[in-house]
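The sequence shown stops at residue 430 when you use full-length UniProt numbering, and every number in between is there.
Glycine residues also receive a C-beta, built at the ideal position from the N, C-alpha and C atoms.
Presented below is the structure to which this report refers.
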Amino acid sequence: MLLTSFSLRSRSLCRTARNVCSLNVMSGSSPFMPRRIISKRAFTRAVGSRLVLGIETSCDETGAAVLDETGFILGESLHSQKEVHLKTGGIIPTVAQRLHRENIAGVVQDALNKSGVAPRELTAVATTVKPGLALSLGIGLEYSLNFVKQHEKPFIPIHHMEAHALTVRMIQPVPFPFLVLLISGGHCLLAVARDVDDFLLLGQSIDEAPGDTLDKVARRLSLVKHPKCSTLSGGQAIELLAKEGNRLKFSFKTPMGQYFDCNFSFAGVRNQVTQVIKQKEEEEGVQQGGILSCVNDIAAAAQHTVASHIAKRTHRAILFCKERGLLPECSPTLVVSGGVASNQYIREILKIVTDATGMHLLCPPSKFCTDNGVMIAWNGVERLRAGKGIMTHTDQIRYEPKAPLGTDITDQVKEAAIRTPSLKLKISVR
Numbered sequence: 001m002l003l004t005s006f007s008l009r010s011r012s013l014c015r016t017a018r019n020v021c022s023l024n025v026m027s028g029s030s031p032f033m034p035r036r037i038i039s040k041r042a043f044t045r046a047v048g049s050r051l052v053l054g055i056e057t058s059c060d061e062t063g064a065a066v067l068d069e070t071g072f073i074l075g076e077s078l079h080s081q082k083e084v085h086l087k088t089g090g091i092i093p094t095v096a097q098r099l100h101r102e103n104i105a106g107v108v109q110d111a112l113n114k115s116g117v118a119p120r121e122l123t124a125v126a127t128t129v130k131p132g133l134a135l136s137l138g139i140g141l142e143y144s145l146n147f148v149k150q151h152e153k154p155f156i157p158i159h160h161m162e163a164h165a166l167t168v169r170m171i172q173p174v175p176f177p178f179l180v181l182l183i184s185g186g187h188c189l190l191a192v193a194r195d196v197d198d199f200l201l202l203g204q205s206i207d208e209a210p211g212d213t214l215d216k217v218a219r220r221l222s223l224v225k226h227p228k229c230s231t232l233s234g235g236q237a238i239e240l241l242a243k244e245g246n247r248l249k250f251s252f253k254t255p256m257g258q259y260f261d262c263n264f265s266f267a268g269v270r271n272q273v274t275q276v277i278k279q280k281e282e283e284e285g286v287q288q289g290g291i292l293s294c295v296n297d298i299a300a301a302a303q304h305t306v307a308s309h310i311a312k313r314t315h316r317a318i319l320f321c322k323e324r325g326l327l328p329e330c331s332p333t334l335v336v337s338g339g340v341a342s343n344q345y346i347r348e349i350l351k352i353v354t355d356a357t358g359m360h361l362l363c364p365p366s367k368f369c370t371d372n373g374v375m376i377a378w379n380g381v382e383r384l385r386a387g388k389g390i391m392t393h394t395d396q397i398r399y400e401p402k403a404p405l406g407t408d409i410t411d412q413v414k415e416a417a418i419r420t421p422s423l424k425l426k427i428s429v430r
């Protein structure tokens with residue numbers, strides 16, 4: 001059980017411990033890696049500290065966490081549906097809904113138990129209500145509304161993408177405004193974060209998201225049958241095999257080169273890769289469902305094309321922001337988050353862009369890039385601090401499967417028609 005009070009001396013010792021301990025945001029020793037402790041269990045809890053329970057069910061992860069207002073993780077729990085959906089070849093909404101319903105009460109109780117916090121001690125409950133799979137969002141919202149009614153707590157509805165965008169501020173105090181790139185299995189967008197609830201949308205995917213593309217390529221390559229990839233998601237499998245492949249063996253065209261905006265398109269990449277897979281299956285006499293001998297090279301080339309497309313649109317967004325004065329002149333920051341942000345190759349490609357443009361690149365630790373209750377609780381903390389979006393009456397709250405992020409200025413980006421200088425997006429021949 002966590003203590004609810006402590007002496008000034010022990011409080012000082014805790015602060016010292018927090019300053020001494022640290023967590024690398026990325027592996028290696030790159031100078032852009034911020035360092036700050038992420039404690040799963042605070043040494044103690046300050047008297048009067050406000051506490052937020054966060055609940056996440058927007059897709060296929062049932063997550064819950066309890067945070068204090070300093071960002072300390074007092075308790076967290078996560079139930080992943082990944083293995084179930086790997087067997088079915090993709091997320092089936094009704095299956096995801098059933099699994100959320102079966103697990104949400106246990107996940108929330110587990111987070112509360114780990115935190116040593118009773119429901120009566122909570123200041124508020126924050127829950128993802130948009131965007132996401134309708135059936136999944138519905139389970140989280142229904143449970144949360146019953147919880148806040150039972151325990152008489154305020155409710156904070158959370159925009160899933162805003163939560164991803166602000167997660168990095170739990171790791172270190174990144175000031176507004178900053179540029180954010182959100183890349184996941186369901187989204188791909190560029191925006192300027194100006195405040196907790198104030199975003200400018202610069203560009204987004206016009207068809208599918210990069211994580212979805214990589215997952216579909218992995219399924220077409222039958223990577224679930226590969227001995228190294230049977231328990232990995234599609235994107236993880238592509239990244240793993242790409243390390244042993246040569247991307248130069250195949251050439252895929254980077255999309256939308258003729259459009260000088262910051263929107264994305266990945267469906268064309270997937271179609272190109274699919275055609276090559278069909279061709280190689282015919283050449284090697286491999287039936288669909290078998291493993292090609294060149295699978296590593298295809299994975300490497302597909303990953304590089306996706307990474308290059310993301311990098312080029314991000315490059316234009318940076319130049320647009322600098323031209324319009326949307327970012328501070330001193331140490332402007334690019335934050336990259338979302339599930340695909342865990343991909344180290346994509347991070348390295350983006351580092352080339354930020355180095356060339358004088359930007360500071362920040363990524364949350366990989367475990368906080370994917371969906372989780374911690375990021376929802378943290379977004380609740382941010383809103384609680386700012387006094388924004390805190391609901392005491394919940395009768396009119398509904399979930400929203402589709403929800404835009406912030407104010408759309410994509411037309412302004414298009415009108416600016418900024419041409420990006422060529423960059424050598426080369427890490428290694430893989």
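Just checking my contact of residue i with residue j at CB under 8 Å: how many whole Å lie between their CB atoms?
i: E239; j: N343; result: 5 Å
i: H160; j: P131; result: 6 Å
i: L51; j: L122; result: 5 Å
i: D261; j: V413; result: 5 Å
i: E76; j: K114; result: 7 Å
i: I55; j: I376; result: 6 Å
i: A242; j: A218; result: With a Cβ gap of about 11 Å, A242 and A218 do not count as contacting.
i: V269; j: F250; result: Not a contact, Cβ separation roughly 12 Å.
What residue range does the alpha helix (DSSP H) around residue i cover?
i: P332; result: Per DSSP, P332 belongs to no alpha helix (DSSP H) and is neither H nor E.
i: T274; result: A267 to E284
i: E223; result: Residue identity check: residue 223 is Leu in the sequence provided, not Glu. Neither: L223 is in no alpha helix (DSSP H) and is coded neither H nor E.
i: F320; result: V295 to R324
i: C369; result: S366 to C369
i: M256; result: Per DSSP, M256 belongs to no alpha helix (DSSP H) and is neither H nor E.
i: E382; result: G373 to A386
i: Q344; result: Q344 to T357
i: I238; result: G234 to A242
So what does residue i bridge to, in DSSP terms?
i: I92; result: According to DSSP, I92 bridges with nothing at all.
i: P288; result: For the record, residue 288 in the displayed sequence is Gln; it is not Pro. Per DSSP, G290.
i: E61; result: S80
i: F155; result: V125 and M391
i: K130; result: H159
i: I55; result: A64 and T127
i: T407; result: L200
i: I171; result: Partner(s): none; I171 has no beta bridge.
i: G75; result: V66
i: S337; result: L182
i: F264; result: S205
Within 10 Å of its beta-carbon, does residue i have 16 or more other beta-carbons around it, so buried, or fewer, so exposed?
i: H187; result: buried
i: V263; result: A quick correction: the sequence has Asn, not Val, at residue 263. Flag for N263 reads buried.
i: Q204; result: buried
i: H315; result: buried
i: R419; result: exposed
i: Q172; result: exposed
i: A417; result: exposed
i: K278; result: exposed
i: S58; result: buried
i: Q288; result: exposed
i: C294; result: buried
i: K424; result: exposed
i: D297; result: buried
i: D215; result: buried
i: H393; result: exposed
i: G380; result: buried
i: V129; result: buried
i: T127; result: buried
i: P93; result: exposed
i: Q396; result: exposed
Is the beta carbon of residue j closer than 9 Å to that of residue i?
i: V192; j: C321; result: yes
i: A311; j: I352; result: yes
i: E61; j: T254; result: no
i: G185; j: D207; result: no
i: G234; j: L223; result: yes
i: I139; j: Q97; result: yes
i: P210; j: V306; result: yes
i: L334; j: I318; result: yes
i: L181; j: V286; result: no
i: A118; j: G373; result: no
i: V107; j: K153; result: no
i: H309; j: M256; result: yes
i: G71; j: M170; result: yes
i: G116; j: L74; result: yes
i: I409; j: L189; result: no
By the DSSP assignment, the beta strand (DSSP E) with residue i in it spans what residues?
i: C188; result: C188 to D195
i: L200; result: D198 to Q204
i: F178; result: F178 to I183
i: L362; result: H360 to L362
For the ligand COA, is there a heavy atom less than 8 Å away from the beta-carbon of residue i?
i: L53; result: With respect to the ligand COA, the structure shown offers nothing to examine, as it has no ligands at all.
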